[in-house]
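Numbering (the numbering used here), first residue to last: 10 to 141.
Glycine is no exception: its CB is placed at the ideal position from the N, C-alpha and C atoms.
Since the structure comes first, as structure tokens, the remarks are kept for the end.
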């Protein structure tokens, strides 16, 4: 990453400002299986009247990388982080996967421009209007 990107481009990872703020004010709470690191404000309160919570991403800043157990903690839905209390997913839940839109692994149904195959013909009784 170039020096310019390190300073200003937040979407490619953490900027120097984020790293400095995290070093100065943050206390590491834990890390998930994707390499995301979760922090809480060491002292004082944030703008919501409670200690601020945030995440730093290992590479691309993509919020859909945050798994559900950490999402609840980040948004103050639960008070205890998954590092202190075991998260038990429901039997019907699939393993977490980030949003793949815009990547090679994105869902492409039959008949889409980038997909393979052809969409099945419509079975409706639709008749296109034709001018006389």
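What did DSSP end up calling residue i once you bin it into helix, strand or coil?
| i | result |
| --- | --- |
| residue 95 | coil |
| residue 30 | helix |
| residue 81 | helix |
| residue 106 | coil |
| residue 25 | helix |
| residue 137 | coil |
| residue 70 | coil |
Determine whether the beta carbon atoms of residue i and residue j lie at a separation below 7 Å.
| i | j | result |
| --- | --- | --- |
| residue 128 | residue 136 | no |
| residue 96 | residue 71 | no |
| residue 90 | residue 54 | no |
| residue 51 | residue 65 | no |
| residue 62 | residue 83 | yes |
Contact check, residue i vs residue j under 8 Å by CB: the rounded distance?
| i | j | result |
| --- | --- | --- |
| residue 35 | residue 48 | 4 Å |
| residue 193 | residue 124 | The chain is shown only over 10 to 141; residue 193 falls outside these bounds and no answer can be derived. |
| residue 68 | residue 126 | Not confirmed; about 33 Å, so no contact. |
Between which two residues does the beta strand (DSSP E) holding residue i run?
| i | result |
| --- | --- |
| residue 48 | 46-50 |
| residue 36 | 35-40 |
| residue 117 | That residue, residue 117, is in no beta strand (DSSP E); it is neither H nor E in DSSP. |
| residue 54 | Run containing residue 54: none; DSSP gives neither H nor E here. |
| residue 128 | Element bounds for residue 128: n/a, residue is neither H nor E. |
| residue 63 | 62-65 |
Compute the minimum distance between the beta carbon of residue i and the heavy atoms of the ligand ADP, and state whether it is under 6 Å.
| i | result |
| --- | --- |
| residue 98 | With respect to the ligand ADP, the structure shown offers nothing to examine, as it has no ligands at all. |
Taking CB distances under 7 Å as the criterion, tell me whether residue i reaches chain C.
| i | result |
| --- | --- |
| residue 99 | Going by chain labels, chain C is absent from the structure shown, which holds only one protein chain. |
Assess contact between the segment 73-91 and the segment 104-112, defined as three or more Cβ pairs (one per stretch) separated by less than 8 Å. Is contact present? yes
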